[in-house]
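Residue numbers (the working numbering), protein chains in the order written: chain W, 33 to 402; chain B, 810 to 1106; chain P, 76 to 367. Note that CB positions come from ideal geometry on N, CA and C, so glycine has one too. Note sheet for the following structure.
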């Protein structure tokens, strides 16, 4: 039993089921990120943990206590909302202590808690201001302060960074991560941004169409995505997915693909279990950073395959250069070092790190290797 | 399916509290609006005269109602009044709004002047226009005193023209409001769209006809609905301006209903006329409100 | 309306602009004319109206018509002036506006932040009640007021105006609160605030503008109402009914100057509200027309 247990939880509106049998157990101090495209059910799940939406079936338990039907204010949770939801008519100090006041905490204690939180978040100088007088980042801090001051069992974050500009978002991301490391709180965090999910979490639940597609550490999710959806949703640019056929050469499975000219090419797999797929179609998944210029290839990899191919587009992005080419009729993106000399129309020798390749069943789109 | 979990007492109370607080308002509305409509509807099928009585007479009242010349005058008048009132208010309101939207100096002064009549009651409006249009002391006499001896303006004393006096007063009262609605609509139009149209070579006239006016469709619809329902309810203005006269020449359904119910002791017929009025308004309002509420969802 | 942009992409020529200004000023005169006529003639002795030019300024300025309209004009059978009716109107308007606005605020709060199955139907039914022709309820209302012993009394009129004003006040607050972030309510809920506390501490402090709109709208409507006043006013008739009584009375000489003064007196409260808070007045009209 975990610290926060979500047991076979479903949610339906009338006959429309928006969440199917979600089963997640969160340990104390864990940072769980629910990630997925809009409409995947992640916010619904968060609201159900908060008690803002009812649970159709299943159980949610916090510290072993089933909280279905328990009023949000009695679950000992705190939530940071996307719009921050600061009370516009109250000062920062009043915003932060409102919850304590509602719970009947004596004034002296409220003051003390306020001072602690203000110091922790470095908002001491803002306490007498109204939310309208704050910048986006400051509002974000106040919203977190309001959650922290309650010293809850579980923190819920509902896309807290999506209203900030790009630079501030990165700063606040680090801030939240630091805070988590320092306080060791249990956090459930909803976002549609896969980078936020990767950087912040100790575990990620990737959600799509009301199902948890995969639950695992960021590394597991990234390296061994459970299916094509997870593979393409996590990572930017997305994992390349191209049709291939498994062919055995000397008993070793290879991926048979075609290059830009339509000529057949073979890439040796590192995963022997694909031998059973001999002669069958698969979907081959290769992350952009696994296709590089030969000098940039991962030295620790035991299986770098050379692949000459025509370059269609190059996009220098400063730190890297992205190169687009055609493989098996699909656009495939490779990630080169910034100084790799490569231009459009040129034939170039790519190095493919097949240790990192993933194979999917083309029908079910589930991962079959590794 | 796992068993539904019992909510704690406070949560359940909180669940019911909103509905409890809303209940008195809703119950009042149900009783005083929908209950009363039902009451009047039933009454219209009875032979009630001075007081309600419940001898049912079927559609007799409706038959009598539509046989009454008095009612036919009222219907004819409401048709003239409503169509002119709506058309002129809309045209005038649109014109003033478009003109005011041309970066007019003094807009801040003009706008409230156009709009203030809306703050006055129809009784005050009626009183003002009654004397202004009165040939004995009003406009006609002023023109004579200013030397235009042949000027005549006796509409308010005329059986055929008095209804147009009501239109004038009503337009005076409401057109500024329509102007405000159109002005808000105009200000809500994205300027970039207009600039794009100009770059495409549209003249001012084409710009308004092809781009702006079509974009004001919602304002047109709202104006129509509001004006139509004001027109059908119009009672005060007729009473104050002409009292339904001369003779019965400016009688409207609203005044007809009142006089048949309360002074002529024909409550059944009065109720029938009220039902007809309600049905007319409902035919306009229900689709409109339905569409609005649905959109909102 | 004051914050709207003055920037328009349309440019007009010099002649066209002159024409536009001319037309706008002519219409301004058209709208001002009746007010001018009433004002000027309420300050003249009667013989100057019957014997003189309605458009002319008074030769002899007098406040006598105003005094007469206020305290001695014959209304119905009593030479009381408008004063007692003015008091009736005040006694009726203040509680009716207060009650309907408070209820409207609560209703709007519930219909947006505590939604329940069927709330749209409830709202739709309340909204439609704004637009019924009141003739449809006159007869049963007379019966019910009679049964309640409220016929012809100020409390009776208050009841009527609250009942038929609820739709509008609910509409205003609902639309206003609909734009108020629901996340705030949720945050307050998680902070442990209950139904009334959220309303009182979170929503009410930011409801100022819409409350003003609602109050002005209700005040104007109820003050200007004639149909209910004349139907159910009995011995407690409001201003509008009294003014009509005065103007329509067929006995004696028509004292136009007194009529004009009385009309302005009857219009004065709403005019003052319009002048002082015109912005809110306009917003109320708009909100009442562009539904949603």
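So residue i packs on residue j, CB below 8 angstroms; how close in whole Å?
i                      : j                     : result
residue 214 (chain P)  : residue 852 (chain B) : 6 angstroms
residue 175 (chain P)  : residue 241 (chain P) : 6 angstroms
residue 273 (chain W)  : residue 317 (chain W) : 5 angstroms
residue 1032 (chain B) : residue 987 (chain B) : 5 angstroms
residue 215 (chain W)  : residue 174 (chain W) : Contact flag wrong, Cβ pair sits at about 17 angstroms.
residue 289 (chain P)  : residue 244 (chain P) : 5 angstroms
residue 1036 (chain B) : residue 895 (chain B) : 5 angstroms
residue 379 (chain W)  : residue 319 (chain W) : In fact, because the Cβ distance is near 23 angstroms, the residues do not count as touching under 8 angstroms.
residue 181 (chain W)  : residue 220 (chain W) : Incorrect: roughly 19 angstroms between the Cβ atoms, too far for contact.
residue 370 (chain W)  : residue 353 (chain W) : 6 angstroms
residue 125 (chain W)  : residue 146 (chain W) : 6 angstroms
For residue i, count the other beta carbons within 10 Å of its own beta carbon; 16 or more makes it buried, fewer makes it exposed. Which is it?
i                      : result
residue 875 (chain B)  : exposed
residue 1119 (chain B) : Residue numbering for chain B in the displayed model covers 810 to 1106; residue 1119 (chain B) lies beyond these limits and cannot be assessed.
residue 48 (chain W)   : exposed
residue 968 (chain B)  : exposed
residue 265 (chain W)  : buried
residue 157 (chain W)  : exposed
residue 868 (chain B)  : exposed
residue 135 (chain P)  : exposed
residue 821 (chain B)  : exposed
residue 1161 (chain B) : Since the displayed chain B opens at 810 and closes at 1106, residue 1161 (chain B) lies outside it and no answer follows.
residue 1026 (chain B) : exposed
residue 75 (chain W)   : buried
residue 1018 (chain B) : exposed
Which of helix, strand or coil does DSSP assign to residue i?
i                      : result
residue 84 (chain P)   : Per-residue confidence for residue 84 (chain P) stands at a pLDDT of 49, beneath the threshold of 50, marking its modelled position as unreliable; no derived number is given.
residue 348 (chain W)  : strand
residue 1039 (chain B) : helix
residue 319 (chain W)  : coil
residue 256 (chain P)  : coil
residue 379 (chain W)  : strand
residue 315 (chain P)  : helix
residue 371 (chain W)  : coil
residue 314 (chain W)  : strand
residue 123 (chain W)  : coil
residue 233 (chain W)  : coil
residue 864 (chain B)  : coil
residue 913 (chain B)  : coil
residue 1070 (chain B) : helix
residue 813 (chain B)  : Unreliable placement is indicated for residue 813 (chain B), whose pLDDT of 43 sits below 50; the coordinate value is still reported in the next sentence. In the structure shown, residue 813 (chain B) sits in coil (DSSP, three-state: anything other than H, G, I, E or B).
residue 113 (chain P)  : helix
residue 367 (chain P)  : Note that residue 367 (chain P) scores 34 on pLDDT, short of 50, meaning its location in the model is unreliable and no value can be drawn from it.
residue 221 (chain W)  : strand
residue 1085 (chain B) : helix
residue 339 (chain W)  : strand
Tell me, please, which residues DSSP counts as bridged to residue i.
i                      : result
residue 239 (chain W)  : W:244
residue 56 (chain W)   : W:38
residue 286 (chain W)  : W:279, W:300
residue 333 (chain W)  : DSSP lists no partner for residue 333 (chain W).
residue 359 (chain W)  : W:362
residue 43 (chain W)   : W:51
residue 199 (chain P)  : Note: residue 199 (chain P) sits in no beta bridge, so no partner.
residue 1018 (chain B) : In the DSSP output, where bridge partners are listed per residue, residue 1018 (chain B) has none listed.
residue 91 (chain W)   : W:39
Within the present structure, is the beta-carbon of residue i separated from the nearest heavy atom of the ligand COA by less than 7 angstroms?
i                     : result
residue 201 (chain W) : The model on display carries no ligand, and the ligand COA is accordingly not part of it.
*Do the segment 838-853 of chain B and the segment 215-224 of chain P touch if we need at least three Cβ pairs shorter than 8 angstroms?*
Taking a cut-off of 8 angstroms on C-beta distances, the segment 838-853 of chain B touches the segment 215-224 of chain P, as three or more cross pairs fall below it.
*Would you check if the segment 927-946 of chain B and the segment 973-983 of chain B touch, i.e. whether three or more CB-CB distances between them fall below 8 angstroms?*
Enough Cβ pairs lie closer than 8 angstroms, so yes.
*asked:* Does the structure place the segment 1048-1062 of chain B close enough to the segment 904-915 of chain B that three or more beta carbon pairs sit under 8 angstroms?
replied: Counting C-beta pairs with one atom in each stretch, the segment 904-915 of chain B and the segment 1048-1062 of chain B have fewer than three that are closer than 8 angstroms, which means they do not touch.
*Do the segment 94-114 of chain W and the segment 254-271 of chain P touch if we need at least three Cβ pairs shorter than 8 angstroms?*
With the cut-off at 8 angstroms, the segment 94-114 of chain W and the segment 254-271 of chain P touch.
*Three or more C-beta pairs closer than 8 angstroms, one from the segment 944-953 of chain B and one from the segment 123-130 of chain P: is that the case here?*
Segments in contact, yes.
*So, do the segment 292-302 of chain P and the segment 164-181 of chain P have three or more beta carbon pairs nearer to each other than 8 angstroms?*
Here the segment 292-302 of chain P lies against the segment 164-181 of chain P, with 3 or more beta-carbon pairs under 8 angstroms apart.
*Can we say the segment 361-376 of chain W touches the segment 277-285 of chain W, given the rule of at least three CB pairs closer than 8 angstroms?*
Between the segment 361-376 of chain W and the segment 277-285 of chain W, the count of Cβ pairs shorter than 8 angstroms is below three; the stretches do not touch.
*Between the segment 176-192 of chain P and the segment 303-311 of chain P, do three or more beta carbon pairs fall short of 8 angstroms?*
Cβ pair count under 8 angstroms is below three, so no.
*asked:* Count Cβ pairs between the segment 39-55 of chain W and the segment 77-95 of chain W that sit closer than 8 angstroms; are there 3 or more?
replied: Counting C-beta pairs with one atom in each stretch, the segment 39-55 of chain W and the segment 77-95 of chain W have three or more that are closer than 8 angstroms, which means they touch.
*Using 8 angstroms as the threshold, is the segment 222-237 of chain P in touch with the segment 263-282 of chain P, meaning 3 or more CB pairs across them?*
No, the segment 222-237 of chain P is not in contact with the segment 263-282 of chain P.
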